[in-house]
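Working notes for the structure below.
Number of protein chains: 2
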Amino acid sequence: MARKTGSHSEITGPLVRAAAQRLIAAHGFAAVSMRQIASAVGVQAGALYLYTPDKQTLLFNIMRDHLQELLTTWADQAQHEHPIGRLETFCKFHINYHIDRPDEVFIAYMEMRNLEPDNFAAIETLRHEYEDQLETILLAGQSSGDFKLPDSRLATMAIIAMLTGVNTWYQEDGRLSRQRVERIYWNMVRRAVGA
Amino acid sequence: MARKTGSHSEITGPLVRAAAQRLIAAHGFAAVSMRQIASAVGVQAGALYLYTPDKQTLLFNIMRDHLQELLTTWADQAQHEHPIGRLETFCKFHINYHIDRPDEVFIAYMEMRNLEPDNFAAIETLRHEYEDQLETILLAGQSSGDFKLPDSRLATMAIIAMLTGVNTWYQEDGRLSRQRVERIYWNMVRRAVGA
DNA sequence: GTCTATAATCAGATAGAC
DNA sequence: GTCTATCTGATTATAGAC
Numbered sequence: 000m001a002r003k004t005g006s007h008s009e010i011t012g013p014l015v016r017a018a019a020q021r022l023i024a025a026h027g028f029a030a031v032s033m034r035q036i037a038s039a040v041g042v043q044a045g046a047l048y049l050y051t052p053d054k055q056t057l058l059f060n061i062m063r064d065h066l067q068e069l070l071t072t073w074a075d076q077a078q079h080e081h082p083i084g085r086l087e088t089f090c091k092f093h094i095n096y097h098i099d100r101p102d103e104v105f106i107a108y109m110e111m112r113n114l115e116p117d118n119f120a121a122i123e124t125l126r127h128e129y130e131d132q133l134e135t136i137l138l139a140g141q142s143s144g145d146f147k148l149p150d151s152r153l154a155t156m157a158i159i160a161m162l163t164g165v166n167t168w169y170q171e172d173g174r175l176s177r178q179r180v181e182r183i184y185w186n187m188v189r190r191a192v193g194a
Numbered sequence: 000m001a002r003k004t005g006s007h008s009e010i011t012g013p014l015v016r017a018a019a020q021r022l023i024a025a026h027g028f029a030a031v032s033m034r035q036i037a038s039a040v041g042v043q044a045g046a047l048y049l050y051t052p053d054k055q056t057l058l059f060n061i062m063r064d065h066l067q068e069l070l071t072t073w074a075d076q077a078q079h080e081h082p083i084g085r086l087e088t089f090c091k092f093h094i095n096y097h098i099d100r101p102d103e104v105f106i107a108y109m110e111m112r113n114l115e116p117d118n119f120a121a122i123e124t125l126r127h128e129y130e131d132q133l134e135t136i137l138l139a140g141q142s143s144g145d146f147k148l149p150d151s152r153l154a155t156m157a158i159i160a161m162l163t164g165v166n167t168w169y170q171e172d173g174r175l176s177r178q179r180v181e182r183i184y185w186n187m188v189r190r191a192v193g194a
């Protein structure tokens, strides 16, 4: 193999991230070696260290960036005034956002245990912030009388688990269209919260 | 350390399984070494190979036994005649069974990707059998007019995801009692299926 | 049944050539 | 910016002593 020359940092950097995301989602962080990532990018293992100080930071950045983008994207969409409308928007947003980013979502859920303590705490805080977005909606609906829920925190966890589960079975060209999936999930959530 | 003598196969075998379960649930299959498992049991790494032909089989047996016991335990409880009663029994069974076996459940969901192809297929079949147990209930309730669901397969996946999610937050001495958790989840499921 | 020792391989990360 | 070469240490699994 001929040696590569010239500057590619603006190309290779994103490629490293993309390859790491794909491989870690498929095989797990601990099961993927730096050599595998390098091979997928088309460079040698040593070259990866130009783009990340170490393997742990690579994982942490993938998870942090995913959750931060999730939060900012939701912040842009959370405009509805009424609890029912806001809950519907949240359901459809959550489903679409997760369907579109299966690898990031999978990693953010599955690789918590491979984070070092400080990184773990930071990611847990971001995830908690997102859960609070839904709980705030449920509490507002409770106050307004739109929802009937004995425990808003349990309902928050139940709804997020239900919606995120879409990634375990949904396929883009499958039996159900994206719009149909959105609508069915929303109907189940709507009924579950007593709206 | 003095060398151990005498026969302990009936003691050590289950200890190996138990240690492997605990460690794999905590750190992930790929991240746990045979030496760590051996150390947790109190033997040397080489001795583990008296109880498993290799690391892969150890994982497979943990997952297979968990799912087989899940299926047989449910088969013993599935007595209710009416769809609503059967669904209630299923919800409470699923929640309790999962709360009681967090490690096995976690491994069965998270370590699919570390199974070799044949083992993966076998575990997937068992998981599918369990999902079919719930779908059968939903289809019966649909036919009898007790449930109103646009898609029974989606509802099956949604309900299982929602109920299994209890393991991500439930704590035995937490704010909510087990009976209360069972009842709240059942109420959300009952409303979600339109009963 | 368990140990020690070892084979063969692979890991993450770094140094220095180009 | 990337490569090659290398360091250091860990990995699964086996062989043979006891």
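Protein chains in written order, with numbering that gives the first Met the number 0: chain V, 0 to 194; chain R, 0 to 194. C-beta: ideal position from N, C-alpha, C; glycine also. On a predicted model such as this, the values are computed, not experimentally measured, just so you know.
Same chain, Cβ closer than 7 Å to residue i, five either side skipped, listed in chain order
i: R/S151; result: E134, L137, L138, Q141
i: V/Q178; result: none
i: V/Q43; result: A37
i: R/F92; result: W73, Q76
i: R/A39; result: A18, L22
Beta carbon proximity, residue i to chain R, threshold 8 Å
i: V/A120; result: no
i: V/H79; result: no
i: V/L153; result: yes
i: V/A39; result: no
i: V/V180; result: yes
i: V/D172; result: no
i: V/N113; result: yes
i: V/H26; result: yes
i: V/Y129; result: no
i: V/I183; result: yes
Cut-off 6 Å between Cβ atoms - residues of its own chain near residue i, not counting five sequence neighbours on either side
i: V/A19; result: I36, L57
i: V/H79; result: R85, T88
i: R/G193; result: F146, K147
i: V/P149; result: none
Outcome for residue i when other beta-carbon atoms lying within 10 angstroms are tallied against a minimum of 16
i: V/Y48; result: exposed
i: R/H97; result: buried
i: R/K147; result: exposed
i: V/E181; result: buried
i: R/T124; result: exposed
i: V/E103; result: buried
i: R/T155; result: buried
i: R/H7; result: exposed
i: R/Q170; result: exposed
i: V/I10; result: exposed
i: R/E110; result: buried
i: V/P82; result: buried
i: V/H127; result: exposed
Chain V within 8 Å of residue i, Cβ atoms only
i: R/W195; result: The structure shown does not extend to residue 195 of chain R, since chain R is modelled only from 0 to 194, so the question has no answer here.
i: R/R2; result: In this prediction, R/R2 scores a pLDDT of 45, lower than 50, which makes its location untrustworthy; the coordinate-derived value is nonetheless stated afterwards. Taking Cβ atoms only, chain V never reaches closer than 8 Å to R/R2, which makes this a no.
i: R/M187; result: yes
i: R/G144; result: no
i: R/M62; result: no
i: R/G164; result: yes
i: R/A17; result: no
i: R/L175; result: yes
i: R/D150; result: yes
i: R/Y96; result: no
Of the residues the options, the one placed nearest residue i, counting alpha carbons only
i: R/I94; options: R/P149, R/N113, R/L69, R/P82; result: R/L69
i: V/L14; options: V/A30, V/T51, V/A25; result: V/T51
i: V/Y108; options: V/T88, V/L148, V/G164, V/D53; result: V/G164
i: V/N186; options: R/Y129, R/Y184, R/A157; result: R/A157
i: V/F59; options: V/P82, V/N118, V/E9, V/D99; result: V/N118
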